[in-house]
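Chains as they are written, first to last, in UniProt numbering: chain U, 1 to 316; chain W, 1 to 316.
C-beta atoms are modelled at their ideal positions from N, C-alpha and C, and glycine is treated no differently.
Since this is a predicted model, take the numbers as computed values, not measurements.
Have a look at the structure below, then the notes.
There are 2 protein chains.
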Amino acid sequence: MALNGTGGNRIGSETRDRVLAAAAELGYRPNTVARGLRTRRTHMLGFVGDNVATTPFAGQMIRGAHDAAREAGFLLLMVDTTGDPDETGEAIAALQERQIDGILLATMYHQVIDVPAEIKSTPVVLLDSRTADGSVTSVVPDERGGALGVLAELAAAGHRRIGHVTTAEDVEARHIRLTTWREHVTAYGLDADELFAESPEGRTHGGYDAAMRLLRRPERPTAIFCFNDRMAMGVYRAAAELGLSIPGDLSVVSYDDQELIAPELAPGLTSAALPHYEMGSWAAKELLRRLDEPDAEPVQHLMPCPIARRDSVAPA
Amino acid sequence: MALNGTGGNRIGSETRDRVLAAAAELGYRPNTVARGLRTRRTHMLGFVGDNVATTPFAGQMIRGAHDAAREAGFLLLMVDTTGDPDETGEAIAALQERQIDGILLATMYHQVIDVPAEIKSTPVVLLDSRTADGSVTSVVPDERGGALGVLAELAAAGHRRIGHVTTAEDVEARHIRLTTWREHVTAYGLDADELFAESPEGRTHGGYDAAMRLLRRPERPTAIFCFNDRMAMGVYRAAAELGLSIPGDLSVVSYDDQELIAPELAPGLTSAALPHYEMGSWAAKELLRRLDEPDAEPVQHLMPCPIARRDSVAPA
DNA sequence: GTGAAAGCGCTAACAC
DNA sequence: GTGTTAGCGCTTTCAC
């Protein structure tokens with residue numbers, strides 16, 4: 001009671017001091033396992049990810065969750081899976097055996113998922129994914145906001161003929177970014193199809209290919225909004241090959257703001273950042289809050305994507 | 001005993017079946033906390049990293065350790081720090097309170113460290129770092145081997161005037177890679193200083209700067225060995241500006257094999273890979289082994305760095 | 001203001 | 001082959 005500060009004035013201040021002194025002298029540290037057995041609180045959060053530790057930028061989600069948890073005296077017990085449902089179920093079971101207080105269920109990119117049945121009564125918050133019906137608390141990036149942000153950068157520089165280079169992969173991010181862009185150019189009365197090019201894969205080569213096709217059209221766009229930084233890297237290469245200078249002849253904006261790419265390109269790439277750290281932190285805090293308030297209504301949170309402004313945009 | 005398979009033939013097979021059936025029916029899962037309290041084994045490994053979750057490629061170390069641990073029924077309890085010794089000490093204490101069975105102490109890049117005093121009796125394996133005196137079991141990349149490997153690629157293509165572009169930052173990797181290169185070109189009777197250029201920072205811009213200086217010298221090298229992929233990215237840019245084609249006029253090899261860079265450059269960059277996954281896996285397995293054999297002699301392991309061959313090397 | 005004891009869910013030793 | 005019990009290190013209730 002002296003150590004925990006519990007029991008109010010049940011314990012004399014002089015007695016408490018003696019206890020504290022003895023503890024310090026002995027280097028005493030409470031055994032959290034025994035405490036957990038008794039209190040049924042382990043002060044551990046389970047973190048289940050699908051290849052999150054492996055995915056370069058998604059690691060920031062771990063870090064965000066970690067920091068928020070640690071600040072509250074919690075530690076993260078990690079299980080990384082391949083995303084396979086059976087494996088995820090097993091991971092959750094392994095975590096529950098260890099009596100974790102709650103679960104953070106993370107995906108390496110924004111997607112819609114079903115929550116595994118195993119979770120049941122364990123409090124859970126979804127990280128970078130959400131359920132179709134919104135029945136589980138979750139946080140995902142505000143992709144629409146981010147797309148509007150980079151499009152606004154171009155608009156402010158006077159661009160109207162803004163092309164879009166994207167992947168054909170069927171992911172949430174593609175749909176939202178594409179839809180937002182389409183609305184934007186359509187609002188100018190432009191034909192979106194004429195300004196659109198996609199490639200099977202959202203990587204450098206795909207970006208290069210799509211950009212080559214787009215930039216060779218009779219009325220080429222004055223700016224391109226890329227699905228992601230990797231595709232933007234390909235767009236840079238295509239522009240160089242066609243003798244177009246960035247941002248002189250062509251402005252480029254993108255999404256993801258990957259630290260290994262966006263700031264390293266020449267010129268630096270203006271990109272909407274995926275707020276991985278913030279999402280991780282938000283999810284952990286929200287989960288912690290829910291441990292004390294198990295009946296709180298589920299929340300769907302959209303995390304803003306700040307725009308990293310660099311030198312890839314110039315007046316049209 | 002039926003569930004754990006312990007107690008040998010103490011329990012009848014028919015009785016065991018009944019127990020198993022009942023457990024399955026109830027969805028019974030043993031409480032690992034209670035078990036840990038009794039057996040003093042939690043089947044959790046502490047993973048202490050300095051910004052490891054944050055560092056893009058180092059995440060593979062976590063994944064390697066995770067997979068090896070999980071295969072043995074262990075889970076990773078993560079603490080990420082800034083690398084500050086006090087913080088690391090506190091992290092270790094937090095882990096010990098939770099009765100973890102052993103500690104993996106990881107750094108985000110290869111370095112020489114002192115082991116925190118707190119560790120004491122807890123079994124520990126160092127990941128991507130080592131002690132000066134070799135008193136603690138550790139695994140680091142075989143940087144010399146990797147450097148020899150990429151230099152051999154160049155030698156096999158007939159290159160002798162091999163330049164080196166590196167960082168001035170005082171890190172293990174710089175020293176080993178530099179020394180290995182110096183020995184290599186000196187063995188050809190060349191003056192290493194004429195083929196050497198460094199920049200304050202090991203990033204793209206630094207690589208560009210150093211390469212510009214190096215490639216403008218009267219007798220320019222026919223190939224460049226770069227400290228890392230980011231600097232290589234700058235070397236590519238410099239070569240392009242000087243009208244030198246890669247690999248036609250200049251071959252380039254590098255170190256790290258970062259997935260976001262080496263395969264994405266055009267042409268693909270030949271690079272020695274940092275075996276992060278393998279190091280993580282080795283460290284966890286070795287730690288697990290040591291839990292049962294606490295008195296085993298410390299081992300210093302060098303993990304080979306495989307060469308990722310791409311298209312940046314051509315005959316001299 | 002303080003001492004004593006029960007019990008969290010397990011494992012292992014001890015009976016028979 | 002099976003039933004019983006102590007105890008891991010804590011927290012909390014009860015008694016005084």
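Neighbourhood of residue i by C-beta distance below 8 Å, restricted to the same chain and skipping five residues each side
i, result
"residue 131 (chain W)", "112, 113, 114, 115 and 138"
"residue 153 (chain W)", "253, 270, 307, 309 and 313"
"residue 50 (chain U)", "80, 81, 82, 83, 88, 106, 107 and 108"
"residue 151 (chain W)", "162, 180, 181, 184, 225 and 253"
"residue 216 (chain U)", "242"
"residue 53 (chain U)", "59, 62, 78 and 80"
"residue 129 (chain U)", "105, 106, 107, 110, 111, 112, 113, 138 and 140"
Residue range of the beta strand (DSSP E) that includes residue i
i, result
"residue 223 (chain W)", "223–226"
"residue 95 (chain W)", "Run containing residue 95 (chain W): none in the beta strand (DSSP E); it sits in the alpha helix (DSSP H), 85–97."
"residue 20 (chain U)", "Not the beta strand (DSSP E): residue 20 (chain U) falls in the alpha helix (DSSP H), residues 13–26."
"residue 80 (chain W)", "75–81"
"residue 130 (chain W)", "124–130"
"residue 143 (chain W)", "Here residue 143 (chain W) belongs to no beta strand (DSSP E); instead the alpha helix (DSSP H) covers 143–156."
"residue 197 (chain W)", "196–199"
"residue 48 (chain W)", "44–50"
"residue 302 (chain W)", "300–303"
Reduced DSSP secondary structure (H/G/I, E/B, other) of residue i
i, result
"residue 213 (chain U)", "helix"
"residue 270 (chain W)", "strand"
"residue 104 (chain U)", "strand"
"residue 245 (chain U)", "coil"
"residue 37 (chain U)", "helix"
"residue 1 (chain U)", "coil"
"residue 259 (chain W)", "coil"
"residue 208 (chain U)", "helix"
"residue 236 (chain U)", "helix"
"residue 219 (chain U)", "coil"
"residue 64 (chain U)", "helix"
"residue 167 (chain W)", "strand"
"residue 58 (chain W)", "coil"
"residue 117 (chain U)", "helix"
"residue 308 (chain W)", "strand"
Extent of the continuous alpha helix (DSSP H) run through residue i
i, result
"residue 277 (chain W)", "276–292"
"residue 187 (chain U)", "172–187"
Residue i: contacting residues in chain U (beta-carbon distance under 8 Å)
i, result
"residue 149 (chain W)", "Correct list: empty, because the minimum Cβ distance to chain U is about 23 Å."
"residue 97 (chain W)", "29, 30, 31 and 32"
Cβ shell of residue i (< 7 Å), same chain only, five flanking positions each side left out
i, result
"residue 100 (chain W)", "42, 44, 45, 46 and 77"
"residue 246 (chain U)", "236, 239, 252, 267 and 312"
"residue 122 (chain W)", "96, 102 and 103"
Neighbour list for residue i in chain U, Cβ cutoff strictly below 7 Å
i, result
"residue 141 (chain W)", "Correct list: empty, because the minimum Cβ distance to chain U is about 18 Å."
"residue 204 (chain W)", "264"
"residue 37 (chain W)", "33, 34 and 37"
"residue 237 (chain W)", "266"
Cross-chain neighbours of residue i in chain W, by beta carbon under 9 Å
i, result
"residue 78 (chain U)", "47, 62, 66, 75, 76, 77 and 78"
Proximal chain U residues relative to residue i, where beta-carbon distance stays under 9 Å
i, result
"residue 59 (chain W)", "52, 53, 54, 55, 56, 58, 59 and 62"
"residue 261 (chain W)", "260, 261 and 264"
"residue 230 (chain W)", "260 and 264"
Chain-ordered chain W contacts of residue i [CB-CB under 7 Å]
i, result
"residue 233 (chain U)", "264"
"residue 94 (chain U)", "75"
"residue 42 (chain U)", "33"
Same chain, Cβ closer than 6 Å to residue i, neighbours up to 5 away in sequence not counted
i, result
"residue 149 (chain U)", "272 and 307"
"residue 200 (chain U)", "168"
"residue 299 (chain W)", "137"
"residue 158 (chain W)", "315 and 316"
"residue 160 (chain W)", "188"
Notebook entry, point to check: Between the region 201–214 of chain W and the region 177–191 of chain W, are three or more C-beta pairs nearer than 8 Å?
Noted result: no
Can you find at least 3 beta carbon pairs, one from the region 234–242 of chain W and one from the region 15–26 of chain U, that sit closer than 8 Å? no
Checklist line | the region 62–73 of chain U contacting the region 6–13 of chain U, beta-carbon criterion three pairs below 8 Å | finding: no
| Counting Cβ pairs closer than 8 Å, one from the region 266–285 of chain U and one from the region 32–39 of chain U, do we hit at least three? | Look at the beta carbons and you see the region 266–285 of chain U not touching the region 32–39 of chain U: under three pairs across the two are nearer than 8 Å.
Could you tell me whether the region 297–306 of chain U touches the region 26–35 of chain W, where touching means 3 or more Cβ pairs closer than 8 Å? no
### Task
Report yes or no: do the region 279–290 of chain W and the region 228–235 of chain W share at least 3 C-beta pairs separated by less than 8 Å?
Flag = no, the region 279–290 of chain W and the region 228–235 of chain W do not touch.
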